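Please read the structure below before turning to the comments.
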Amino acid sequence: MAEHDALIAAARTAREHAHAPYSNFRVGAAVRAKSGRIFTGCNVENATYGLTLCAERVAIFKAISEGERGFDSVAVVTDTDSLTPPCGACRQIIWEFCGDAHVVLANLKGKVELHRMSALFPKPFDQSFL
Ligand code: THU
Numbered sequence: 333m334a335e336h337d338a339l340i341a342a343a344r345t346a347r348e349h350a351h352a353p354y355s356n357f358r359v360g361a362a363v364r365a366k367s368g369r370i371f372t373g374c375n376v377e378n379a380t381y382g383l384t385l386c387a388e389r390v391a392i393f394k395a396i397s398e399g400e401r402g403f404d405s406v407a408v409v410t411d412t413d414s415l416t417p418p419c420g421a422c423r424q425i426i427w428e429f430c431g432d433a434h435v436v437l438a439n440l441k442g443k444v445e446l447h448r449m450s451a452l453f454p455k456p457f458d459q460s461f462l
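Sequential numbering of the sequence shown, starting at 333, is according to the numbering used here.
Here it is in structure tokens:
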């Protein structure tokens, strides 16, 4: 668990930058590259609603756009008693870039759950089918 503390802390800080005026549901995410670098994201909503980007995708796309490849863990932090798992769209993106990564769910009170992508996203469609 302690090995994930830095990732959770980074996601928690990113959450403070959430642009969530429509849902008021603020999410922070952080992804750790195999290089050790951590990239963060927050959810970014839009008045058209459908253009909203989740925190997980923002973090991953930031990392990809900076040339990073290969990730081992993703953290998601919200202020909810029931911890927030990645949505379906984010699971597809996490699988694409992180494969069977550790998924660390946490809240502001210190509750933490550990999952693996293969459990959260069984039978994915990926490059192996192409
Ligand atoms: N959201 C995330 O950023 N990540 C998740 O894992 C779940 C949902 C965002 C999208 C939207 O801005 C708000 O939370 C409510 O759905």
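Cβ coordinates follow ideal geometry from the N, Cα and C atoms, glycine included. It should be emphasised that the depicted structure is a prediction, and the values quoted were computed from it without experimental measurement.
query, result
"Please confirm whether A407 and A362 have their CB atoms less than 7 Å apart.", "yes"
"Within 10 angstroms of its Cβ, does L437 collect 16 or more other Cβ (buried), or is it exposed?", "buried"
"Per the contact definition of three or more C-beta pairs closer than 8 Å, is the stretch 386-401 in contact with the stretch 453-462?", "no"
"Would F461 be called buried (16 or more neighbouring beta carbons within 10 Å of its own) or exposed?", "exposed"
"Hey, would you say A346 sits closer than 7 Å to E377, going by beta carbons?", "no"
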